[in-house]
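Residue numbers (UniProt numbering), protein chains in the order written: chain A, 1 to 226; chain B, 1 to 111. Glycine is no exception: its CB is placed at the ideal position from the N, C-alpha and C atoms. Heads up: the structure comes next, in C-alpha cells.
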Amino acid sequence: MHIPDGYLGPATCGIFYAIMLPIWTAASRIVKKTLKARQVPLLAIGAAFSFVIMMFNVPIPGGSTGHAVGGVLVAILLGPWAASIAITVALVVQALLFGDGGITAIGANCFNMAFVLPFTGYYVYKAISYNASADSSRRMLAAGAAGYIGINVAAFLAGVEFGLQPLLCHTANGQALYCPYGLKIAVPAMAGEHLLIFGWVEAVVTALVVKYLQKEAPEVIEEGGM
Amino acid sequence: MKITTKLWIGLAILIVLSPLGLLLPDHFKAGDAWGEWGTDTIKELVGYIPRGLEKLSSLWSAPIPDYAFRGWEEKGLPRLSFSYIISAVVGITATVIVVLLIGKILAKKDD
Numbered sequence: 001m002h003i004p005d006g007y008l009g010p011a012t013c014g015i016f017y018a019i020m021l022p023i024w025t026a027a028s029r030i031v032k033k034t035l036k037a038r039q040v041p042l043l044a045i046g047a048a049f050s051f052v053i054m055m056f057n058v059p060i061p062g063g064s065t066g067h068a069v070g071g072v073l074v075a076i077l078l079g080p081w082a083a084s085i086a087i088t089v090a091l092v093v094q095a096l097l098f099g100d101g102g103i104t105a106i107g108a109n110c111f112n113m114a115f116v117l118p119f120t121g122y123y124v125y126k127a128i129s130y131n132a133s134a135d136s137s138r139r140m141l142a143a144g145a146a147g148y149i150g151i152n153v154a155a156f157l158a159g160v161e162f163g164l165q166p167l168l169c170h171t172a173n174g175q176a177l178y179c180p181y182g183l184k185i186a187v188p189a190m191a192g193e194h195l196l197i198f199g200w201v202e203a204v205v206t207a208l209v210v211k212y213l214q215k216e217a218p219e220v221i222e223e224g225g226m
Numbered sequence: 001m002k003i004t005t006k007l008w009i010g011l012a013i014l015i016v017l018s019p020l021g022l023l024l025p026d027h028f029k030a031g032d033a034w035g036e037w038g039t040d041t042i043k044e045l046v047g048y049i050p051r052g053l054e055k056l057s058s059l060w061s062a063p064i065p066d067y068a069f070r071g072w073e074e075k076g077l078p079r080l081s082f083s084y085i086i087s088a089v090v091g092i093t094a095t096v097i098v099v100l101l102i103g104k105i106l107a108k109k110d111d
C-alpha cells in the first residue's frame, strides 16, 4: 500500500499533503494534552512494531505481495491521534531511508495508513468492545475486526487514489502520465487482495497482541480507554 | 519483567524473523505489491512507461533502496536476508529516536 513516486500526479500529491498538514498539527496538539511521559516508550515500541511488521511481505502465490500495517494496534493502545504520529514516523523513515513509498506520495500514504487506518480501526474497536471488561474475549475479537476493517478501508482508498490518475492526467492520445490503471482495475485489485488475504493478517496480528496484553499487562488495555 | 521490556524483546524477535518477508514471496514466486512496480515491469504490464511516472520515479534515491544494500541486489538470498535484518535495525532505530524526541517535546511531564 506504499504508493511510490510517479504513480500519483502532482495535484493529487499536493492535495494529500494539504489534507495531512492540519491532521498532523491537530495530532500534535491533542497528543500534547493527552500523552503521559510514561506512555512515550510504548509509543516508540508501537511505531517500531508498525515499521517492522510492514517488512513481513505476505505472498499471494504467483501473484503480488502485501503486508499488515500494525497501526490499528497502536490506535487501540494509545488512541488514534498518537497512532497517527507513530505511523507517520515509520512511513517517513521507510520513504527516506528505504525508498518504500514515494517522497511525493508521503501525504497520500500517511492519509491512508496513518490517518484513515488508525481512526477507522479505533472506532470499530470502541464500538465492538463497548462495556467489555479488560479481559473479555469480545475485546480480542473487537481488535481483530478493527484491524481487518481499518486496513481494508485504507486499501480501498489507495485503490481509488491510484485509479483516479488515468482520468486526471493523460496525454492527448489517452496514454496515462502516472498510474496507468483506472478505477475499474485499481480498486478491485487493492480492495480484493486486502479483503481476501492481507486484511486477515492485520486482524490476526492485532488480535493476538491484544490477547497477549490482556494476559500480561491488562493495565495497558485499560489505559487504552475502555 | 516490565511489559515494555517484554515488548522490546518481541521486537528483537521480529527483526530476526524479518527475512521471512523476503524469503516467503521468493519461495511462492510472488512479485511486487500491486502498484509498486519498477518502470521495467510497468512497460511489460501496459506496453509503455507513463511519461510522468518515468520522470518522478527516479526523484529520490534512498540510501538502502528496498532494504537491500546497493550492489547486493543480485548477490543471493542469504546476503539479501542479512541486509534486510540490518535495514530493520537501522529503520527501527531511526523510528524510535524520532518518536522519543517527539514524545519528549509533546508528552506531559507531570504524571
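Short CB-CB distance (under 7 Å) between residue i and chain B
{"i": "Phe-198/A", "result": "no"}
{"i": "Ser-64/A", "result": "yes"}
{"i": "Met-226/A", "result": "Because Met-226/A sits at a pLDDT of 49, beneath the cut-off of 50, its placement in the model cannot be relied upon, and the following sentence gives the value as read from the coordinates. Met-226/A does not count as touching chain B."}
{"i": "Lys-211/A", "result": "no"}
{"i": "Lys-184/A", "result": "no"}
{"i": "Tyr-178/A", "result": "yes"}
{"i": "Ala-217/A", "result": "yes"}
{"i": "Leu-167/A", "result": "no"}
{"i": "Leu-97/A", "result": "yes"}
{"i": "Ile-60/A", "result": "yes"}
Of the residues the options, the one placed nearest residue i, counting alpha carbons only
{"i": "residue 166/B", "options": "Pro-61/A, Phe-119/A and Cys-13/A", "result": "Limits of chain B in this structure are 1 at one end and 111 at the other, which puts residue 166/B out of reach."}
{"i": "His-170/A", "options": "Met-1/A, Pro-10/A, Ala-145/A and Ala-127/A", "result": "Pro-10/A"}
{"i": "Leu-77/A", "options": "Asn-152/A, Leu-196/A, Gln-165/A and Ala-142/A", "result": "Ala-142/A"}
{"i": "Met-107/B", "options": "Glu-193/A, Leu-208/A, Leu-42/A and Ile-53/A", "result": "A quick correction: the sequence has Ala, not Met, at residue 107/B. Per the Cα distances, Leu-42/A."}
{"i": "Phe-156/A", "options": "Gly-144/A, Ser-137/A, Ala-176/A and Asn-109/A", "result": "Asn-109/A"}
{"i": "Ala-68/B", "options": "Leu-14/B, Thr-4/B and Pro-19/B", "result": "Pro-19/B"}
{"i": "Val-187/A", "options": "Gly-35/B, Leu-59/B, Trp-72/B and Leu-22/B", "result": "Gly-35/B"}
{"i": "residue 228/A", "options": "Trp-37/B, Gly-38/B and Ile-97/B", "result": "The structure shown does not extend to residue 228/A, since chain A is modelled only from 1 through 226, so no value can be given for it."}
C-beta neighbour in chain A for residue i, strict 7 Å
{"i": "Thr-4/B", "result": "yes"}
{"i": "Gly-52/B", "result": "yes"}
{"i": "Lys-75/B", "result": "no"}
{"i": "Leu-23/B", "result": "no"}
{"i": "Gly-71/B", "result": "no"}
{"i": "Phe-28/B", "result": "yes"}
{"i": "Glu-44/B", "result": "no"}
{"i": "Leu-59/B", "result": "yes"}
{"i": "Leu-106/B", "result": "yes"}
Residue range of the unbroken alpha helix (DSSP H) whose run includes residue i
{"i": "Ile-197/A", "result": "It is not in any alpha helix (DSSP H) - Ile-197/A carries neither H nor E in the DSSP assignment."}
{"i": "residue 131/B", "result": "Past the boundaries of the shown model lies residue 131/B; chain B is included only from 1 to 111, so the question cannot be answered."}
{"i": "Val-52/A", "result": "40–53"}
{"i": "Pro-10/A", "result": "10–34"}
{"i": "Glu-219/A", "result": "218–223"}
{"i": "His-27/B", "result": "20–27"}
{"i": "Phe-82/B", "result": "77–106"}
Review point. Do the region 205–220 of chain A and the region 19–26 of chain A meet, that is, are 3 or more Cβ pairs less than 8 Å apart?
Key: no
Review point. Any chance the region 123–141 of chain A sits against the region 28–46 of chain A, with 3 or more Cβ pairs inside 8 Å?
Key: No contact exists between the region 123–141 of chain A and the region 28–46 of chain A.
**Study point:** Ranges of the alpha helix (DSSP H) found wholly within the region 89–150 of chain A, counting only runs of at least 4
**Key:** 106–110 and 117–128
**Study point:** Three-pair Cβ contact test at 8 Å for the region 85–100 of chain B versus the region 86–98 of chain A
**Key:** yes
Practice item. Examine the Cβ distances between the region 46–58 of chain B and the region 4–16 of chain B and report whether three or more of them are shorter than 8 Å. Key: no
Check your understanding: For the 8 Å Cβ check, are there 3 or more pairs between the region 105–124 of chain A and the region 148–158 of chain A?
Key -> yes
Review point. Does the region 161–169 of chain A come close enough to the region 39–47 of chain B to have 3 or more Cβ pairs within less than 8 Å?
Key: no
Practice item. Pair every Cβ in the region 1–9 of chain A with every Cβ in the region 173–183 of chain A, then say whether three or more of these pairs are closer than 8 Å. Key: yes
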